[in-house]
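In what follows, a single structure is set out as structure tokens and then discussed.
Protein chains in written order, with the numbering used here: chain X, 1 to 115; chain S, 116 to 226.
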């Protein structure tokens, strides 16, 4: 069964540094998402992306965050100047269509640790 | 704003019994509700989706109910097995048709 793959599995970065998280969504999916899960907390929506542009973003997704689909397969999340509170699991997800009537397929996440 | 509450942080059930997890919501009536399973260090995995006009949905040993009057969904695992131990997340439709997740319930099936 097709999978969403995320790299790296664990990223350790000094506070203030830029970090880029990588995702390869399922190939025939059109909608892409990033979520964040702080340890012991719930999965929180960050941003959705369709047709090469952001379709929605949450209040967490401020100017320090950006997303890009640089080629036909990769979907990246960049954090420009990391803060301690950015430490979390970051999950990428994709779906065939948008909306709550479709399941989302998640990767296994990147654990981001900010020192 | 919409709120989701999942009944407890952790639930211990004896192997072979039925596990029942609860998801309550407020302030909005979603047309769709989803359940996911999350294992430690892994991403959520979709299990079932139920629509507001469906009272019940089944998949193998899983059953989901959706009571729009009570604003509640129940998630049942029958003949539970230790391999069913995981965190189960309820996700419901927001007003803007996106989904939001509950905090999850950690289920432990005791052998």
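By construction, the Cβ of each residue, glycine as well, lies at the ideal position given by its N, Cα and C atoms.
CB contact check: residue i to chain X, cutoff 8 Å
i: residue 224(S); result: no
i: residue 175(S); result: no
i: residue 172(S); result: no
i: residue 161(S); result: yes
Pair within 8 Å by beta-carbon distance, residue i and residue j
i: residue 104(X); j: residue 33(X); result: yes
i: residue 207(S); j: residue 140(S); result: yes
i: residue 65(X); j: residue 39(X); result: no
i: residue 189(S); j: residue 135(S); result: yes
i: residue 131(S); j: residue 195(S); result: yes
Any chain S beta carbon closer than 8 Å to residue i
i: residue 67(X); result: no
i: residue 101(X); result: yes
i: residue 42(X); result: yes
i: residue 32(X); result: no
i: residue 108(X); result: yes
i: residue 59(X); result: no
Same chain, Cβ closer than 8 Å to residue i, neighbours up to 5 away in sequence not counted
i: residue 209(S); result: 117, 143, 145, 215
Spatial neighbours of residue i in its chain, beta-carbon cut-off 6 Å, leaving aside the 5 residues before and after
i: residue 48(X); result: 33, 55, 56
i: residue 80(X); result: 18, 64
Beta-bridge pairing of residue i - partner residues as DSSP gives them
i: residue 136(S); result: 190(S)
i: residue 165(S); result: 148(S)
i: residue 145(X); result: With chain X covering only 1 through 115, there is no way to say anything about residue 145(X).
i: residue 106(X); result: 93(X)
Close Cβ partners of residue i (< 7 Å) along its chain, the five nearest in sequence each way excluded
i: residue 83(X); result: 15, 114
i: residue 31(X); result: 48, 50, 94, 95, 97, 98
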